[in-house]
Amino acid sequence: MIGRMAANRIVPLVDHERLGGPYWLLTFRHREIAREAQAGQFVMIKAGTSAEPPLRRPFSIMLTDAGAETFTLFIKDVGSGSGALCALEPGEPVQCLGPLGQAFTPPPAGTEALLVAGGYGVAPFRLFAEEVKHTGGRYRLFYGGRTSDDLPLRERLETAGLPLVLATEDGSVGHRGRVTVPLAEWLDRRDAPARLYACGPEPMLHAVARLAEERDLVAEVSLDPWMGCGIGTCLGCVVRVQDANEARGRYRCACTEGPVFDAARVQWPDEKASRARRKAAGAEA
Ligand SMILES: Cc1cc2nc3c(=O)[nH]c(=O)nc-3n(C[C@H](O)[C@H](O)[C@H](O)COP(=O)(O)OP(=O)(O)OC[C@H]3O[C@@H](n4cnc5c(N)ncnc54)[C@H](O)[C@@H]3O)c2cc1C
Ligand code: FES
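So that you can map any letter, position 259 of the sequence shown is 1227 in this note's numbering, and since no number is skipped, the others follow by simple counting.
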């Protein structure tokens, strides 16, 4: 089912900026997304006005500007769909449906929101930080990648005043190692109740879910399965999730019931098997 406010439009790219390597910021005009989108929601989008190729691609909404009626995506160019978007010139059209999916839940009053991002998973947290700030809440962003090249937004996030903890696996910026290491240290010395929010590669999401379980904290994770339609019809995006009142998990569409889920409800796939699948698909070196 399409969300109440989702609108399907042909809209122009109004601005683009290459951030280095495969990373881009793309801004589009789209009134409904600019006015209604909440952090964690996404769009299904493709370059051009032709029916071919048929499938759009999902991207998290990174920022909105209701006054200018625009929204911005943070895109890693990894293939044909993302590449065609990054090759657009201002004024050129896209087909764009959104906002779609379930957003992150704001933290309860007095609870610090700890946002955990891996790679392009940082996209929804720019908007989420604004939402939390708007309600007077506290937040901190843990932003990790393999190398400093995978953190192309770090200076802008610093300039925007986001409290940041950086981590890279090669130690080129911030803590050396996985982003969940400084997160665990922070959790162990925090002075306020905390809620975790994570978006990034599945092993990172699973690690955040484990940290939350060990410390009896609530965590929300934004899952990233393949999506064909974004509106609950193709069933390409199903993930196994178990509600508290269910004896075992059920497959649910991540596009309509997610992509944001309570981490404690997600039935995580076997990590070895999913690493082998990602390797076979060329998504992991
Ligand atoms: C809800 C949601 C939000 C997303 N938000 C963002 C975002 O903000 N920025 C961003 O850059 N990307 C985001 N993605 C991922 C993005 O949708 C994919 O990178 C894109 O669909 C790839 O399409 P393509 O045609 O460019 O590449 P393809 O030619 O389809 O694939 C190229 C390579 O990327 C791999 N790949 C494709 N899709 C995914 C995926 N979902 N996860 C991991 N590897 C994948 C393929 O296995 C292949 O190796 C999001 C995905 C979802 C489901
Ligand atoms: S992407 Fe088609 S059902 Fe979710």
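Note that beta-carbon positions come from the ideal geometry of N, C-alpha and C, so glycine has one too.
DSSP state of PRO1150 mapped onto helix, strand, coil
helix
Since VAL1147 and GLY1112 should fall inside the 8 Å C-beta cutoff, what is the C-beta to C-beta distance between them, to a whole number of angstroms?
3 Å
Mapping the DSSP letters down to three states, classify THR1079 as helix, strand or coil.
coil
Identify the residues that DSSP records as bridge partners of HIS984: which are they?
LEU994
Which class does GLU1188 belong to by DSSP, given the choice of helix, strand or coil?
strand
How is LEU1203 classed by DSSP in three states: helix, strand or coil?
coil
So, using beta-carbon positions, are ARG1144 and LEU1132 closer together than 8 Å?
no
Beta carbon of PRO1227: closer than 7 Å to some heavy atom of ligand 1?
yes
Under a three-way DSSP split, which group does ILE935 fall into?
The question about residue 935 has no answer, for the chain in this structure spans 969 to 1253.
Below 8 Å between beta carbons: does that hold for GLY1078 and PRO1161?
yes
Out of PRO1026, ALA1097, LEU1130, which one is the CA nearest neighbour of ASP1192?
PRO1026
Using 8 Å for Cβ pairs, my map puts ALA1071 next to ALA1007. What's the rounded Cβ distance?
6 Å
Please state if the CB of PRO980 and the CB of GLY1059 are separated by a distance shorter than 8 Å.
yes
So the alpha helix (DSSP H) PHE1093 belongs to, where does it begin and stop?
1091-1102
On the DSSP letters alone, give me the boundaries of the alpha helix (DSSP H) that SER1028 sits inside.
Counting along the chain, SER1028 falls outside any alpha helix (DSSP H), though it belongs to the beta strand (DSSP E) covering 1025-1028.
In three-state terms, what does DSSP make of GLY1112?
strand
Do ALA1128 and GLU1181 have their beta-carbon atoms positioned less than 8 Å apart in this structure?
no
Would you kindly work out how many angstroms separate the C-alpha atoms of PRO1171 and ASP1184, rounded to a whole number?
20 Å
Look at the alpha carbon of GLY988 and the alpha carbon of ARG977, and state the distance between them as a whole number of angstroms.
29 Å
LEU1191 Cβ short of 7 Å to ligand 2 heavy atom set:
no
How is GLU1252 classed by DSSP in three states: helix, strand or coil?
In this prediction, GLU1252 has a pLDDT of 41, which is less than 50 and means its spatial position is unreliable; what the coordinates show is noted afterwards. Reduced to three states, the DSSP call for GLU1252 is coil.
Checking 8 Å against the spacing of the C-beta atoms, do VAL1228 and ARG1220 come in under that value?
no
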